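S.K.: What follows is a structure written as structure tokens; I'll ask about it next.
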């Protein structure tokens, strides 16, 4: 009986690996280096070798493994193929076919890393017990994942959950990395919050502990918690953009919960409370009480979600 | 073998009924009056009697019917129950249980009317051949429906596809019928376009055929097609709101196609072209070419979509 599964999260520098019970218990986790040289052709053989070694070490037979789920930084087709993964130096890759062959036929399923992290948070994180959620990852950029009825919404072009590029301010004049103007990522990522801060500091006359020359999202939220009035203006601006956006997303998929993760979310409950104020202003009546919670799995969300791909 | 199915669209004044082959061919359609008196308790018996009569008339046995799909104007739970349907004078109603009993056990499934119309357009309308779409119905209000992987996204509170209440302009000062301010419905419904028009006409100095005292969405689009510069400003404003909103919805679910229906969409391709300009400005890179098309089924979308509920 299949009582184990593996969750593999392939990043540009390390591959995070997890051995799980199929009920979601994490038995072991480890990392290997991502060897991106030669078009990343060693990555899958390295992953396979590491999995087979772990099975041998733990005395786990092939029949005891329900499958291997893999998260990759790129668009994924039909849970099997990767269109392109720039950070891994991969072009089009038949990932599931290749890895299944290397693993003597153990079932492999693949997901985009941001989407898979959302699935992980649904399974054992901030959204545990739900079957639908919108996950927002506030990091250097803004990532996301949409889960409906327990499944990732991949989208017709692999852009399901690309909520960082929702155009929340058409009047914005600066360009986002994606080429558009006014993306949520320009307002709510770590760098986006700093950008908002610099705009506000440029016209601010009240005293503040913040210094436009040396500023970070963390410094802004720290000052906010200390009662700095300028920091409060910056957080309020960020929160209005994000809260409004969550309200719009809610009118589309109406999730059971919104889960906020990523480095910026380390600011904790004060961030959630600031966002909730604007979410509740703009959300559709029947969704105003949808919980907005912090992610729980941190960097492990990817391995949890990858493992969940191969568990019903 | 089940070769037939019924699609029933219950509205506040009439019940639209369709007899279909399970491949989607419409064999017969008719209407009955919606008797809303006495808390609408006659509605389901009337529907059942009409279906049974049609089966007798056509010589169709119970075993030849895969099921009866029903669209209702209200939130639906698990394809069986209706929370409330104000226009039918219904409170909570165990619709599927009741109608199955009246139909001697023929399978019944239920969906919200706007969502069911989206499913109909996916099956045999503007989205035929796809498995995912965002439908926008521009009528007195703005309705919608989201289809992912061939299924309606109902949402945790029945608010999936309530895109008319996406807050697209937080700076709006007038209230929507829902109580919020800045809803898409205030900008893109028939009444919303007139509202935008009155604002623009109040400050407009150029000559125009439009008259603020006697104006309609149709008059605005007619004038736009005739080259009226003021009408062009109004349509442009409407199109920016709707195109931007579609771009945001695309970042959430990334559908194969956007389908635009409802009375306002009678303006046709010029409306689509106006919206497309702003959609392509704001959509995420990989979604910029997602087609935006006109709905095809008009008032029959509901019976088609209801029938599809009971066809795999």
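Chains as they are written, first to last, in the working numbering: chain B, 1 to 312; chain S, 1001 to 1312.
A virtual CB, placed ideally from N, CA and C, is assigned to each residue, including glycine.
Computed from a predicted model, the values in this text were never measured in an experiment.
Taking CB distances under 7 angstroms as the criterion, tell me whether residue 1286 of chain S reaches chain B.
M.R.: yes
S.K.: In terms of residue numbering, what span does the beta strand (DSSP E) encompassing residue 5 of chain B cover?
M.R.: 4 to 10
S.K.: Give the residues of chain S in contact with residue 249 of chain B, contact being defined as C-beta atoms less than 7 angstroms apart.
M.R.: 1252
S.K.: In whole angstroms, what separates the C-alpha of residue 302 of chain B from that of residue 13 of chain B?
M.R.: 15 angstroms
S.K.: Using a Cβ-Cβ cut-off of 6 angstroms (strictly less than) and excluding sequence neighbours within five positions of residue 1150 of chain S, which residues of its own chain qualify?
M.R.: Answer for residue 1150 of chain S: 1131, listed in chain order.
S.K.: Check whether the Cβ of residue 291 of chain B lies closer than 7 angstroms to any Cβ atom in chain S.
M.R.: no
S.K.: On the premise that residue 1275 of chain S lies in contact with residue 1246 of chain S, defined as a C-beta separation below 8 angstroms, what is that separation, rounded to the nearest angstrom?
M.R.: About 7 angstroms; that satisfies the 8 angstroms criterion.
S.K.: Look at the alpha carbon of residue 34 of chain B and the alpha carbon of residue 1310 of chain S, and state the distance between them as a whole number of angstroms.
M.R.: 48 angstroms
S.K.: Residue 1163 of chain S CB to nearest chain B CB: under 7 angstroms?
M.R.: yes
S.K.: Which residues in the same chain as residue 300 of chain B place their Cβ atom closer than 8 angstroms to its Cβ, once the five residues preceding and following it in sequence are excluded?
M.R.: 16, 18, 26, 29 and 120
S.K.: Tell me residue 1167 of chain S's beta-bridge partners as DSSP assigns them.
M.R.: S/1183
S.K.: Okay, do the region 1132 to 1141 of chain S and the region 1246 to 1255 of chain S touch, 3+ Cβ pairs below 8 angstroms being the bar?
M.R.: yes
S.K.: Since residue 22 of chain B and residue 66 of chain B should fall inside the 8 angstroms C-beta cutoff, what is the C-beta to C-beta distance between them, to a whole number of angstroms?
M.R.: 5 angstroms
S.K.: From residue 1037 of chain S to residue 1089 of chain S, what distance separates their C-alpha atoms?
M.R.: Distance between residue 1037 of chain S and residue 1089 of chain S, taken at the CA atoms: about 8 angstroms.
S.K.: Beta carbons nearer than 9 angstroms to chain S: which residues of the region 144 to 168 of chain B have them?
M.R.: 144, 146, 148, 149, 151, 153, 154, 155, 156, 157, 158, 159, 160, 161, 162, 163, 164, 165, 166, 167 and 168
S.K.: Would you report the Cα separation of residue 210 of chain B and residue 1244 of chain S, rounded to the nearest angstrom?
M.R.: 34 angstroms
S.K.: If you compare alpha carbons, which of B/235, B/265 and B/206 is closest to residue 277 of chain B?
M.R.: B/235
S.K.: Could you tell me whether any Cβ in chain S is nearer than 7 angstroms to the Cβ of residue 170 of chain B?
M.R.: yes
S.K.: Take residue 282 of chain B and list the residues in its own chain whose beta-carbon comes closer than 7 angstroms to its own, dropping the five residues that flank it on each side.
M.R.: 243, 244 and 247
S.K.: Mind checking whether residue 1188 of chain S and residue 1238 of chain S have CB atoms under 7 angstroms apart?
M.R.: If you check the CB distance, residue 1188 of chain S and residue 1238 of chain S come in under 7 angstroms.
S.K.: Looking at the structure shown, is residue 63 of chain B part of a helix, part of a strand, or coil, going by DSSP?
M.R.: helix
S.K.: Tell me which same chain residues have a C-beta within less than 8 angstroms of the C-beta of residue 1200 of chain S, skipping the five on either side of it?
M.R.: 1230, 1233, 1234 and 1237
S.K.: Specify the secondary structure class of residue 1284 of chain S as computed by DSSP and reduced to three states.
M.R.: Of the three classes helix, strand and coil, the one that applies to residue 1284 of chain S here is coil, per DSSP.
S.K.: Given this structure, state the Cα-to-Cα distance separating residue 48 of chain B from residue 1147 of chain S, to the nearest angstrom.
M.R.: 37 angstroms
S.K.: When you check each C-beta in the region 178 to 205 of chain B against every C-beta of chain S, which residues fall closer than 7 angstroms?
M.R.: Within the region 178 to 205 of chain B, the qualifying residues are 178, 179 and 180.
S.K.: So residue 116 of chain B packs on residue 160 of chain B, CB below 8 angstroms; how close in whole Å?
M.R.: Contact flag wrong, Cβ pair sits at about 12 angstroms.
S.K.: Can you give the Cα-Cα distance for residue 208 of chain B and residue 240 of chain B, rounded to whole angstroms?
M.R.: 21 angstroms
S.K.: Got a sec, what are the start and stop residues for the alpha helix (DSSP H) residue 1252 of chain S sits in?
M.R.: 1229 to 1253
S.K.: Mind pulling the chain B residues with CB within less than 9 angstroms of residue 1240 of chain S?
M.R.: Here the neighbours are 170.
S.K.: Check whether the Cβ atoms of residue 179 of chain B and residue 185 of chain B sit closer than 7 angstroms, and answer yes or no.
M.R.: no
S.K.: Using the beta-carbon of each residue, which ones in chain B are nearer than 7 angstroms to residue 1132 of chain S?
M.R.: 156
S.K.: Taking 7 angstroms as the threshold (beta carbon to beta carbon), is residue 81 of chain B in contact with chain S?
M.R.: no
S.K.: Going by other Cβ atoms of all chains shown within 10 Å of its Cβ, with 16 needed for buried, is residue 1057 of chain S buried or exposed?
M.R.: exposed
S.K.: CB-CB under 7 angstroms to residue 1265 of chain S, same chain, minus the five flanking residues each way: which ones, in chain order?
M.R.: 1138, 1271, 1294 and 1295
S.K.: Just to make sure I have the definition right: I need the residues of chain S whose C-beta is within less than 7 angstroms of the C-beta of residue 256 of chain B. Which are they?
M.R.: 1156
S.K.: Please identify, using Cβ separations under 7 angstroms, the residues of the region 270 to 282 of chain B that lie next to chain C, in order along the chain.
M.R.: In the displayed structure, chain C is absent; the protein chains listed are B and S.
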